[in-house]
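A.B. asks: I have a structure here, written as structure tokens, and I will follow up with some questions on it.
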Amino acid sequence: MKLSIVIPTKNEGKYIGPTIAQFEPYLEKYKLEIIISDADSRDETAAVVREYQKRLGDRLKFVQSRGKQNIAIGRNLGAAQATGDILFHTDADVRIPRMDRFFTRIFSQFENPGTVAATVPIWVYPEESGLMDKLYHILMNGVIRLSFTAGVYLAKGECQLVRRSVFERIGGYNETIVAGEDCNLFYRLHKEGKVAYFYRLAVHHSPRRFREYGYMRLSFIYLREGLSLLFLRKSYMKEWTPVR
Numbered sequence: 025m026k027l028s029i030v031i032p033t034k035n036e037g038k039y040i041g042p043t044i045a046q047f048e049p050y051l052e053k054y055k056l057e058i059i060i061s062d063a064d065s066r067d068e069t070a071a072v073v074r075e076y077q078k079r080l081g082d083r084l085k086f087v088q089s090r091g092k093q094n095i096a097i098g099r100n101l102g103a104a105q106a107t108g109d110i111l112f113h114t115d116a117d118v119r120i121p122r123m124d125r126f127f128t129r130i131f132s133q134f135e136n137p138g139t140v141a142a143t144v145p146i147w148v149y150p151e152e153s154g155l156m157d158k159l160y161h162i163l164m165n166g167v168i169r170l171s172f173t174a175g176v177y178l179a180k181g182e183c184q185l186v187r188r189s190v191f192e193r194i195g196g197y198n199e200t201i202v203a204g205e206d207c208n209l210f211y212r213l214h215k216e217g218k219v220a221y222f223y224r225l226a227v228h229h230s231p232r233r234f235r236e237y238g239y240m241r242l243s244f245i246y247l248r249e250g251l252s253l254l255f256l257r258k259s260y261m262k263e264w265t266p267v268r
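All residue numbers for the sequence shown refer to the working numbering, where the first residue is 25 and numbers rise by one.
Here it is in structure tokens:
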């Protein structure tokens, strides 16, 4: 079984190098490939990725597209280049602690042909995590875990593992959704088979968006987008501005 890591980028030169590097020791062991789907970055993102390509060869693919696009389009463009049985959709700033344990559990779960998707809790980088970060993420992870019990199946884009055949069958991410494409995908996926939640695993991400917007404002944005998708079947936002 092969796994494709799909990472959308837009001016992620600061983060993308370490993110790629963390996977390098595991590429052969777990039959991994990395796909960087770039939305016309104007910083050093392309140069950083090209440098890693010299060492990793065809284990690292770089897909560049011109023009304006949202993250759903970026994720789909990356997935279109994948050859793996499993798609691991993640972000340019995501780190995975205890990598061996992570991939061992994931591959074991997907040996079950009825499993179509999986996700894990998300936490802020430990070295940058303050009290508010911990409290917010305890609440967020709790809501996501509860959603599985309630049959809603929420999941964040920092870690979405999907069986590629099913992802393609349902049309991938909804490209009309500006924010919330991640939760929308998992809601559709649960109708196709088992969606697993690994509460003992985790990924870590940067708190940059929380620092830029603040937790109250960001929570309001997420709630507004969720309600708009639920009742109006469309995004309220016209554009989701990257924080770099």
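Even for Gly, the Cβ is constructed at its ideal location relative to N, Cα and C.
(1) Given 8 Å as the limit, is there contact between the segment 92–101 and the segment 181–199, that is, 3 or more CB pairs closer than that?
(2) Let me confirm a value: S189 is counted as buried when at least 16 other C-beta atoms fall within 10 Å, else exposed. Which label applies?
(3) For S61, does the three-state DSSP call read helix, strand or coil?
(4) Closest to A142 by CA distance: which of L253, F191, V87 is it?
(5) Does the pairing of the segment 204–211 with the segment 228–235 give three or more beta-carbon distances under 8 Å?
(6) If I measure Cβ to Cβ from I168 and keep anything under 6 Å in the same chain, skipping five residues before and after, which residues do I get?
(7) List the residues that DSSP assigns as beta-bridge partners of A141.
(8) Figure out for me which residue from W147, G217, I59, L84 has the closest Cα to the Cα of P137.
(9) For T139 versus A226, is the C-beta distance shorter than 7 Å?
(10) To the nearest angstrom, how far is the alpha carbon of D62 from that of S252?
(11) Going by the DSSP bridge assignment, what does P32 pair with across the sheet?
(12) In the DSSP output, which residue or residues are listed as bridge partners for L56?
(13) Can you grab the Cα-Cα spacing for the pair E57 / P32, in whole Å?
(14) Ignoring anything shorter than 3 residues or poking outside the segment 146–193, list the beta strand (DSSP E) runs there in chain order.
(15) Just confirm the distance between the C-beta atoms of G37 and T69, as a whole number of angstroms; I'd bet it's less than 8 Å.
(16) Are P42 and D157 touching if we call contact CB-CB under 7 Å?
(17) I need the boundaries of the beta strand (DSSP E) containing K85, first residue and last residue.
C.D. replies: According to the structure data:
(1) yes
(2) exposed
(3) strand
(4) F191
(5) no
(6) L178
(7) V186, V219
(8) G217
(9) no
(10) 28 Å
(11) S61
(12) L27
(13) 14 Å
(14) 146–148, 184–187
(15) 5 Å
(16) no
(17) 84–88
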